[in-house]
Every structure is written in structure tokens, then in C-alpha cells.
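Visitor: My questions will all concern the structure given below.
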Amino acid sequence: MKLSKEASNGMNKNNVDLLVIGAGATGACVAYEASRRGLKVALLDAGDIGSGTSSRSTKLLHGGVRYLELAFKTLDIAQLRLVREALLERAHWLDRAPFLAHRLELALPTENCLSKGYYRIGLGTYDALSGKKNIGNSRLLSKQQLNKALPLLKDGLNGGVAYSDGQFDDSRLNLLLALTAEKAGAILRTRCRVLGLEHRNDGRICSAISQDLLGQEERWEAKAIVNATGVHVDNIRKLADPNASPRILISRGVHLVLKENLCPDGIGLIVPSTDDGRVLFILPFFGRTQVGTTDTPCSINTAKKPSTIEKEYLLSYIKRWFPSLESPSISSSWAGGRPLLKPSEKEVSSSRVVREHEIETLPCGLISAMGGKWTTCRQIALDALKAVEMVLDKQLPSPRQLPIIGSHEDPKRTSTLMLKQQKELKKYLPQSALQTKQIAHLQSNYGLEALSIITKSPIDTHIPLSQTIPLCQAEIQHAIKNEHALSPTDVLARRCRLAMVDLAEAERLMPIVQNYLSMQGIAKTEIGLEQ
Ligand SMILES: Cc1cc2nc3c(=O)[nH]c(=O)nc-3n(C[C@H](O)[C@H](O)[C@H](O)COP(=O)(O)OP(=O)(O)OC[C@H]3O[C@@H](n4cnc5c(N)ncnc54)[C@H](O)[C@@H]3O)c2cc1C
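Going by our numbering, the first residue of the sequence shown is number -16, and it counts up by one from there.
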């Protein structure tokens, strides 16, 4: 990239060891792990933290039972290794952020004894692969047990097999990783798009130029640059090397949220095989039901836009599996783009692409993280840091302890201390029918920080604003002052998940959020909530 001398002279300049472009799960985790190793880091995102795919996932911490089946069917050891790696990472997140992630049982329904036996063995292997990090053994479900867990499920099933995975708040984990890195000294900027990369005379990249919403440009001189821009990864690679050939396929995944609670016992459903040979998840979600996902090849511009056909596709499965539910009502929906590594064989469909990640270092020095999944973002980050070591030509120091904001430095103590905190929160929150739900909400959003957010704010800001998710004004203020929220969508879809649970309810609260933003001098940029 070439800049005029005049433009270049007036530009604000920053100097860091590591520049991370993109603050999704991958970028936030790279910044977090690099900060633990004493690097001076800057983490930039063109939008909000997690506003790409990372807040739009199925929210499962999983090894992927589908990938396990594929591994056995194709005798693919690499696939098996991937499942094992993800199962270990599943346990890592459940351990490190217990307020954001919990064990979820899923029922896999079967129609006959043969398929019951087949899945029992398969899911037993899934348990065994996690070794000591197993989070709960799979078990056979009788017809009665299946009916109790999922009362509206269709007839004609002979029970099934239940197994465990993790369910988590993707957006908040993403945010807290980024904020923890910031607390450790990283510079964190949102609405800050990287437009160009600059090269030294020897062809190595040495800096990036970013632009904020006001058109202000900044230069980021960095010893190493990691490109963690998800589905945009090829765009940044092209900035570094116009001849770089594309490496990413994009596949859109849509989710619906239904007002009806189809999983009243807290046990989800996995539809083992769709007509197009995939699996579907029907999961408990804030007292409602989350349904997903689809797998549709798409462009960058349409990656976040659920199509009517995809919504109808998901509803058709709801009608097939829950026929007594005559007209399910959709309270929210979202879509996200999977950044998939291009398969080597052209004919392989995107749903069969191994979600394995790759770290690429271009000859100019740009490091790109490609592919992977949320569950394994820490492994992706650690591999990216190995590439950083190569670029810096030095070994990074051992990581220091850096608990994720909201958790204790001794992970085993987080859950115990949260129990104590519950009692304290009770003293400060208004007595209402919503109090228990409000305490659970505050703890699941902020972990051990919940109490300080409440005690630092006036009592009249503690009143729950919604029955769906009882967030209060103190949280809106906290999101704007301390969590980089700059728009109603940031607050209502990502700092709190209300818009993803019930869009109409979140729209009702939009003026309150806009009012707080205006009080902080943040201009109105949205007419409606983005999904
Ligand atoms: C529908 C769906 C369901 C999924 N479900 C699961 C699941 O249940 N479990 C699981 O483990 N994985 C799941 N995944 C995979 C997982 O969500 C993704 O692998 C992961 O979120 C990718 O994170 P990322 O940080 O690489 O990308 P993103 O989250 O997309 O982040 C990239 C960021 O880069 C920013 N950016 C782009 N260009 C620029 C620029 N020029 N300058 C600055 N910033 C820029 C974007 O704004 C964005 O915030 C799912 C994926 C999809 C699509």
C-alpha cells in the first residue's frame, strides 16, 4: 500500500510487538495468549468484538459426533485426532469459564434396536476419546425417558442414546477473552478496519493502516501481524500479496429461535441425519428453543443473512420431528459464515470439509489463521503464536496466569465463590418474582464480577427491564463504559443475548440503550437492530 507523504505524516502512529486483525474467537484468543506471554499487542476489529461468525454459532463446545462418524466411515485418523483435540478443548473452556459454559445432554433418537446399538457404541467411543476429560457418560434412553425429556417429539421412536457436550455463550466468551487481554495491556479497538498493509524494502510487511468510523487513519507498526479475520481472511492475504490464491470457502449457517420450549427438561435433540446427510441441533436456549443449522455455500456479503428458504428448511424439520406443534413462532434468527479451508478434492461438498485449522505464513511474513472452530480457538491461537515466534526469530516466554475476567485464578474456586456471591446479590437486587432469574442472568453474564457491577451502580438502575432476560440499566451502562459497546446491537445482541432470543423484545429496549449511548456522546448509527 502506498500513502501520500502528507497523509502519512498526519497519521496517528502506534508501535506494538503483535498486531492482531479481527477480534472474533480466533483473534481474541491470540491476543489473550500473546498478552499472557508478555507481548505488547493491539487487537483491531472492523466491527464489534465477536460481530462476525463468533457470536452466531450453535454455541456448542464439542468434539463433533458427526466428525467422529465420518472418521470411522472413512478410516480417517486425522479426523479422529481432530475430535479428540476438540474434546480436550471442550473440557478446558468448561473449566476456565464455568459461568459461561455448562454441560448439556443431547438425545439422539433411534427407530430400532440396530441403530440404538450403533449409536450406543459410537457415543461410547466419543466418551472414551475424551479420556480423563470426560464430562459425563452417554446412556441409553428408553422410550419413556425420551418422551419425558422431549414430550412433543414424534411417535415411532424406540428411545435413543443421550450423550454430553458443552453449551456456552459464544459472544460473551469472545468479549471476555478480548477484555482480559486488554486488562493485561493490549490495545483494543473496535470499528477500526484494516485497509492496507505496508512493506519494508525487503518485501516484509511492517505495518498496517486502519480507518475508524470517522475516517481517521492510523498506522500500526508491528514486529508480527496475525490475520484472524474469519471469512475475510483472503481479503487481508490479498493486501499482503495480491497474488495469494484464495484458501477459504464460505458456508452460511442459519439458526432460528422458537418461542416454544421444546426441551423443557434441559436436554437437547440431535437429529442424526437430514435428507442432505447432515445433523441438526434442537437445543434449550434461554427458556426457548434454538434450531440449527444449515450449510449453504455463500459469498461474504450474504454470510450474515438468513434466507427464507433456509428458515423454511429448518421449520420443515421442526414439523417432522414435533408434528403436534402446529405453528411454531420464530422469535429471532441469525446467520453466520463458516470459514472453511478449501478441500483438496474439488468434488467434496462443504459439509464434509474437515474443520481443521491451518496457520499460513506468507513469504512477506503475514500470518493467517484459517478454518477451525470455536471450541478449538485456543489451539489455533497457540499454533499462530508458534508462527509468531518464527517471524520474531525468538522464543516467547512461558505464559503467566491470566484468569478470564469473571473467573478466579484457581478455576476450581470459581463455582464455589459464585454460590457465595448469590447471597450477596440477593441483598442488593430488588425483591421481585424475577429476582432468582436476575441473579442467574447476572452470574452467567459476568461470573464473579456480577456483584461489583451491581454495587457500583445506583439502586434504581437494578430494576429488570425484561421478563425474557432480566437485564437492568446498570448493565447497559457497564456495557457502554467498560465493554466497548457502541450501538444498541452491541448491547442487546452481544453484551446480553436478548436480540438473539427475542428480537421484538430487544427492539422495545432499543430507545433506552440509545439514550445511554447519546449520554456518552455516541452518535446514533442504527435504525433497527442488526441480526
Ligand atoms: C452457523 C455456525 C455454527 C457454528 N457452530 C459452532 C459450534 O457450535 N461450535 C464450534 O466450536 N464452532 C462452531 N462454528 C465455527 C465457529 O463459530 C467459527 O469457526 C469461529 O467463530 C470463527 O472465528 P473467527 O474469529 O475466525 O472469525 P470471526 O468471528 O468471523 O471473526 C473475524 C473478525 O474479523 C473482523 N474483520 C474482518 N475484516 C477486517 C478488517 N479488514 N479489519 C479489521 N477487522 C476485520 C470481523 O469484523 C470479525 O469480527 C460455527 C460456525 C457457524 C457459521
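Backbone N, C-alpha and C fix where the C-beta goes; we use that ideal spot for every residue, glycine too.
Model, not experiment: these values are computed from the prediction.
#1: In chain order, which alpha helix (DSSP H) runs of at least 4 residues are fully inside the stretch 306 to 388?
#2: Write down the C-beta distance between residue 249 and residue 263 rounded to the nearest angstrom, noting that I regard them as a contact closer than 8 Å.
#3: Do you know how far the Cα of residue 429 is from the Cα of residue 456?
#4: Would you identify the three-state DSSP class for residue 527, choosing helix, strand or coil?
#5: Could you tell me which residues DSSP pairs with residue 110 in its beta bridges?
#6: Taking residue 157 as the reference, give the member of 316, 454 and 14 with the closest Cα.
#7: Ligand 1 and residue 539: does any heavy atom of the ligand fall closer than 8 Å to the residue's C-beta?
#8: Report yes if the C-beta of residue 467 is less than 8 Å from at least one heavy atom of ligand 1; otherwise report no.
#9: Taking only three categories from DSSP, how would you classify residue 157?
#10: Going by the beta-carbon positions, is the gap between residue 484 and residue 228 smaller than 9 Å?
#11: Run the proximity test for residue 356: is its beta-carbon closer than 8 Å to any non-hydrogen atom belonging to ligand 1?
#12: Can you look up residue 288 in the DSSP assignment and give me helix, strand or coil?
#13: Could you check whether the Cβ of residue 282 sits closer than 8 Å to any heavy atom belonging to ligand 1?
#14: Once the 5 residues before and after residue 149 are set aside, which same chain residues still bring their CB inside 6 Å of it?
#15: Could you pull out every residue in the same chain whose Cβ sits closer than 8 Å to the Cβ of residue -3, ignoring the five residues on either side in sequence?
#16: Would you check if the stretch 243 to 259 and the stretch 338 to 358 touch, i.e. whether three or more CB-CB distances between them fall below 8 Å?
#17: Just to check my reading of the structure: residue 174 and residue 196 have Cβ atoms closer than 8 Å, yes? What is that Cβ distance to the nearest angstrom?
#18: Under 8 Å, with one C-beta from each stretch per pair, do the stretch 49 to 66 and the stretch 180 to 196 reach the 3-pair mark?
#19: Could you give the residue range of the beta strand (DSSP E) that holds residue 233?
#20: So is the beta-carbon of residue 310 under 8 Å away from any non-hydrogen atom of ligand 1?
#21: Could you compute how far the alpha carbon of residue 306 sits from the alpha carbon of residue 136?
#22: Counting only the same chain and skipping the five closest in sequence on each side, list residues whose C-beta sits under 6 Å from that of residue 39.
#23: Considering just the uninterrupted stretch of the alpha helix (DSSP H) at residue 55, what are its terminal residues?
#24: What residue range is occupied by the uninterrupted alpha helix (DSSP H) comprising residue 10?
#25: Which of the three DSSP states, helix, strand or coil, is assigned to residue 525?
#26: Could you spell out the range, first to last residue, of the beta strand (DSSP E) harbouring residue 253?
#27: Between residue 66 and ligand 1, is there a pair consisting of the residue's CB and a ligand heavy atom that are separated by less than 8 Å?
#28: Please go through the same chain and pick out, in chain order, the residues whose beta-carbon is closer than 6 Å to the beta-carbon of residue 23, but skip the five residues on each side of it.
#29: Going by the CB atoms, is the gap between residue 6 and residue 33 shorter than 9 Å?
#30: Given a cut-off of 9 Å, decide if residue 281 and residue 234 are closer than it, judged by their beta-carbon atoms.
#31: Count Cβ pairs between the stretch 493 to 505 and the stretch 462 to 478 that sit closer than 8 Å; are there 3 or more?
#32: Out of 345, 458 and 346, which has the shortest C-alpha to C-alpha gap to residue 422?
#33: Among all the DSSP beta bridges, which residues are the ones paired with residue 272?
#34: Should the stretch 447 to 455 be called in touch with the stretch 112 to 132, which here means at least 3 C-beta pairs below 8 Å?
#35: Under three-state DSSP, which class holds residue 503?
#36: In whole angstroms, what separates the C-alpha of residue 164 from that of residue 11?
Guide: With the structure as the only source:
#1: Along the length of the stretch 306 to 388, whole alpha helix (DSSP H) runs at least 4 residues long occupy 360 to 375, reported in chain order.
#2: The residue labelled residue 249 in the question sits at position 266 within the sequence shown. The residue labelled residue 263 in the question sits at position 280 within the sequence shown. 18 Å between Cβ atoms; not a contact.
#3: Taking the sequence shown and counting its residues from 1, the one referred to as residue 456 is at position 473. Taking the sequence shown and counting its residues from 1, the one referred to as residue 429 is at position 446. Going from the Cα of residue 456 to the Cα of residue 429 covers about 15 Å.
#4: Coverage of the chain is limited to positions -16 through 514, which leaves residue 527 absent and any answer about it impossible.
#5: The count along the sequence shown starts at 1 and reaches residue 110 at position 127. According to DSSP, residue 110 bridges with nothing at all.
#6: Counted from its first residue, the sequence shown places residue 157 at position 174. The residue with the shortest Cα to Cα distance from residue 157 is 14.
#7: Missing from the structure shown is residue 539; the chain here goes from -16 to 514 and no further.
#8: If you number the sequence shown from 1, residue 467 lands on position 484. Residue 467: no, Cβ never under 8 Å from ligand 1.
#9: Counting from one through the sequence shown, the residue named residue 157 turns up at place 174. Helix.
#10: As a position in the sequence shown, residue 484 is number 501, starting the count at 1. As a position in the sequence shown, residue 228 is number 245, starting the count at 1. Pairing residue 484 with residue 228 gives a Cβ-Cβ distance that is not under 9 Å.
#11: For the purposes of this step, residue 356 is taken as residue 373 along the sequence shown, with counting starting at 1. The answer is yes for residue 356.
#12: Taking the first residue of the sequence shown as position 1, residue 288 is located at position 305. In the three-state DSSP reduction, residue 288 falls in the coil class, being neither helix nor strand.
#13: Looking up residue 282 in the sequence shown gives position 299. Every heavy atom of ligand 1 is 8 Å or more from the Cβ of residue 282, so no.
#14: Reading the sequence shown from its first residue, position 166 is the one you call residue 149. So the qualifying residues of the chain are 44, 73, 77 and 84.
#15: Within the sequence shown, the letter at position 14 stands for residue -3. If we look at residue -3 and ignore the five residues flanking it on each side, its Cβ neighbours are 25, 170, 201, 202, 203 and 204.
#16: No, the stretch 338 to 358 does not touch the stretch 243 to 259.
#17: Within the sequence shown, numbered from 1, the residue matching residue 174 stands at position 191. Within the sequence shown, numbered from 1, the residue matching residue 196 stands at position 213. Their Cβ separation, rounded to whole angstroms, is 5 Å, which keeps residue 174 and residue 196 in contact under 8 Å.
#18: Contact between the stretch 49 to 66 and the stretch 180 to 196 is absent: fewer than 3 CB-CB pairs across the two stretches fall below 8 Å.
#19: As a first step, residue 233 is located in the sequence shown; it is residue number 250 there, counting from the start. Per DSSP, residue 233 belongs to the beta strand (DSSP E) from 231 to 241.
#20: On the sequence shown, position 327 is the one that residue 310 refers to. Checking the Cβ of residue 310 against ligand 1 gives no.
#21: On the sequence shown, residue 306 is found 323 positions in, with the first residue counted as 1. On the sequence shown, residue 136 is found 153 positions in, with the first residue counted as 1. For the pair residue 306 and residue 136, the Cα-to-Cα distance works out to about 8 Å.
#22: As a working mapping, residue 39 is identified with position 56 in the sequence shown. Taken in chain order, the residues that qualify are 317 and 319.
#23: Taking the sequence shown and counting its residues from 1, one reaches residue 55 at position 72. According to the DSSP assignment, residue 55 belongs to the alpha helix (DSSP H) that extends over 48 to 57.
#24: As a first step, residue 10 is located in the sequence shown; it is residue number 27 there, counting from the start. 8 to 19 is the extent of the alpha helix (DSSP H) around residue 10.
#25: Residue 525 lies beyond the stretch modelled for the chain, which goes from -16 to 514, so this question has no answer here.
#26: Taking the first residue of the sequence shown as position 1, residue 253 is located at position 270. Where residue 253 is concerned, the enclosing beta strand (DSSP E) starts and stops at 251 to 254.
#27: Residue 66 sits at position 83 when you count from the first residue of the sequence shown. For residue 66, the shortest separation between its Cβ and any heavy atom of ligand 1 does not lie below 8 Å.
#28: Taking the sequence shown and counting its residues from 1, one reaches residue 23 at position 40. Cβ neighbours of residue 23 beyond the five flanking positions: -1 and 0.
#29: The residue given as residue 33 occupies position 50 in the sequence shown. The residue given as residue 6 occupies position 23 in the sequence shown. In contact: residue 33 and residue 6 (Cβ atoms closer than 9 Å).
#30: As a working note, residue 234 is residue 251 in the sequence shown. As a working note, residue 281 is residue 298 in the sequence shown. Yes. Within cutoff.
#31: Yes, the stretch 493 to 505 touches the stretch 462 to 478.
#32: Residue 422 sits at position 439 when you count from the first residue of the sequence shown. The shortest C-alpha separation from residue 422 is found at 458.
#33: Here residue 272 is taken as the residue at index 289 of the sequence shown, counted from 1. 241 and 267.
#34: No, they do not touch.
#35: As a first step, residue 503 is located in the sequence shown; it is residue number 520 there, counting from the start. The answer is coil: DSSP assigns residue 503 none of H, G, I, E or B.
#36: The residue given as residue 164 occupies position 181 in the sequence shown. The residue given as residue 11 occupies position 28 in the sequence shown. Using only the alpha carbons, I get a separation of about 8 Å.
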